[in-house]
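Position 30 of the sequence shown, counted from 1, bears residue number 31 in our numbering, the numbering being contiguous throughout.
Encoded as C-alpha cells, the structure appears first; notes follow it.
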Amino acid sequence: HASIIDISGDITAASEDELMEAYNKASSDRIRAIILNFDGLEYMNSGGIGLLVTLLVRANRQHQKILAYGLSDHYRQIFELTRLDDAISIHDGESDALSAAGA
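Given below as C-alpha cells:
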C-alpha cells in the first residue's frame, strides 16, 4: 500500500505545515510507502531539504519508506550530495516508484 504526495511550487522551511498536513492525510496504518512526486517542484532550498529529513524521521517511526520521482537532474544531484538518496529511493516515473514500493 502506497500513497503519493504531489509536490508543487517551492519547498522551503515555510512549507512545513502544508507538507506535514499532506503527509498526515496520505499516511495510515495500512500505508507502507509514501511516494513524493516532484514533477511540479520549482524551487527547494536547505530548509526544504531539512523538511524532507523531518518527513523521513516521521515515516521511519511509522515503518514506512519514502520514494521519489520527477526530480530534475539538478535536484537529483542535490539528493546525492546531501546523501538523501541513501534514505529516499529515486525513480524515473510513477510506475517505477509504485513497483519499487510494492504497490
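Just so you know, even glycine gets a beta-carbon here, dropped at the ideal spot from N, CA and C.
All figures in this text were calculated on a predicted structure; none of them were measured in a lab.
{"Check": "When Ala-104, Arg-84, Gly-10 and Ile-91 are compared against Gly-51, the one with the closest alpha-carbon", "Outcome": "Arg-84"}
{"Check": "Any alpha helix (DSSP H) of 4 or more consecutive residues that is wholly inside the segment 44 to 100", "Outcome": "47 to 62, 74 to 82 and 85 to 88"}
{"Check": "Residue span of the beta strand (DSSP E) that contains Asp-11, given as start and end", "Outcome": "3 to 12"}
{"Check": "Buried or exposed (CB count within 10 angstroms, at least 16 for buried), Ala-60", "Outcome": "buried"}
{"Check": "Ile-36 beta carbon less than 8 angstroms from that of Ala-98", "Outcome": "yes"}
{"Check": "Beta-carbon separation (whole angstroms), Ala-104 vs Ala-3, contact threshold 8 angstroms", "Outcome": "4 angstroms"}
{"Check": "Through-space distance from Gly-71 to Phe-39, alpha-carbon basis", "Outcome": "5 angstroms"}
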